[in-house]
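J.: In terms of the numbering used here, the sequence shown opens at residue 69 and continues consecutively.
For glycine and all other residues, C-beta sits at the position ideal for the given N, C-alpha and C.
Bear in mind that the values here come from a model prediction, so they are computed numbers and not experimental data.
Before we start, here is the structure in question, set down as structure tokens.
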Amino acid sequence: MGEYFSHRLVRIYVPYLPVGVALYSAYQLLPELSAADREIGLLTSFTLLPTVEATSLSIAWTLKHELLFYLLFASIFISRTLFICVMGSWLLAILFLLQLPDVPDSGFLQVLLNPLNLWFYVGMAVFLCPQFRLSRIVYWAGFLVLATALYVLVINGFSRIYIGLVFAAMIVLFTRVENLEMPAPRLLLYLGAASYSVYLVHNPAQSVIAQILPMLSENWSPIFAFWVISGASLVVGIIYFALYEKHAISWFKAKTTEQFCNRVKSFEVEPARD
């Protein structure tokens, strides 16, 4: 269990902390940088602990839910019965809260009982989907149907619940690509590896680039400006991954793995000698 927590914490905090700490420091020195009306907390910005205050990186609120899920999921390492009880109780508590008119004021309870946590159950269901094989015709037909459904749902402003279910079905479909013997493009694999860095830096990068564009020209069309900002933010995320995240994660994982190996060796008993 210790190794599980070590790898999860390294994966979350090592890429996040430089961004979160830098933004918190920037907002303290220049409060006018944040156009949003939110109270940024030191504790939650540095630790991602669930409090009523906001994180300096606005989108980092999702990481609070992710850390909570890792904590509860760890019960499976103790026993499967405990895991079922923990996850079942969590599900029932969330569903019960949906029936109440008022949401608790506690920052922890707002994270613990947030309906968005139901998507962790959808994710586990996707993982447990039975293996099956698809022909190329069925695969592309299914993907076309799901893409069309996603487009219709987004255009018509349907609830994120339905949109999320379509994405879950797409993930199930994509996991079957290997059965079609279709090699994944290296570019997509690299973007997948860099996705967390892109997630972390795209918001502040977009804010900075959006401030720079009017200085270069006042004749940007909205569509062209959108693609410039999106593309530049993606590039910034890839650079952050290539220069920092990839190397930092490898270094910390090597160190933690070495520590666990040394700890295991310290418990080894030498065979008795005659």
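1. Would DSSP call I108 helix, strand or coil?
2. Bridge partners for A122 per DSSP, in chain order?
3. What does the alpha-carbon distance come out to for the pair L241 and L98?
4. State the Cα-Cα distance for the pair S285 and L233, rounded to the nearest angstrom.
5. Once the 5 residues before and after W288 are set aside, which same chain residues still bring their CB inside 7 angstroms of it?
6. State the DSSP-derived secondary structure class of Q279, mapped to helix, strand or coil.
7. Buried or exposed: where does G305 fall if 16 or more other Cβ atoms within 10 Å of its Cβ makes it buried?
8. Taking the CB atoms as reference points, tell me whether L135 and V154 lie closer together than 7 angstroms.
9. Quick one: Cα of G210 to Cα of E107, how far?
10. So, under 8 angstroms CB-CB, S124 and Y84 are touching, yes? Tell me the CB distance rounded to an integer number of Å.
11. Nearest-angstrom Cα distance between Q279 and L255?
12. Taking C-alpha atoms, which residue in S301, S74 and A293 lies nearest to A273?
13. Between which two residues does the alpha helix (DSSP H) carrying A293 extend?
14. Can you find at least 3 beta carbon pairs, one from the segment 262-270 and one from the segment 303-323, that sit closer than 8 angstroms?
15. Three or more beta-carbon pairs under 8 angstroms between the segment 178-194 and the segment 157-168, yes or no?
16. Between the alpha carbons of A142 and R76, how many angstroms are there, rounded?
17. Does DSSP classify M69 as helix, strand or coil?
18. Can you give the Cα-Cα distance for L257 and S157, rounded to whole angstroms?
19. Using a 10 Å radius around the Cβ and a threshold of 16 neighbouring Cβ atoms, would you call A128 buried or exposed?
T.: For this structure:
1. Residue state, collapsed to three classes: strand.
2. I108
3. 46 angstroms
4. 42 angstroms
5. L281
6. helix
7. buried
8. Cβ atoms of L135 and V154: not closer than 7 angstroms.
9. 45 angstroms
10. Not a contact, Cβ separation roughly 11 angstroms.
11. 29 angstroms
12. S301
13. P290 to Y308
14. Output reads yes: the segment 303-323 touches the segment 262-270.
15. yes
16. 11 angstroms
17. coil
18. 37 angstroms
19. buried
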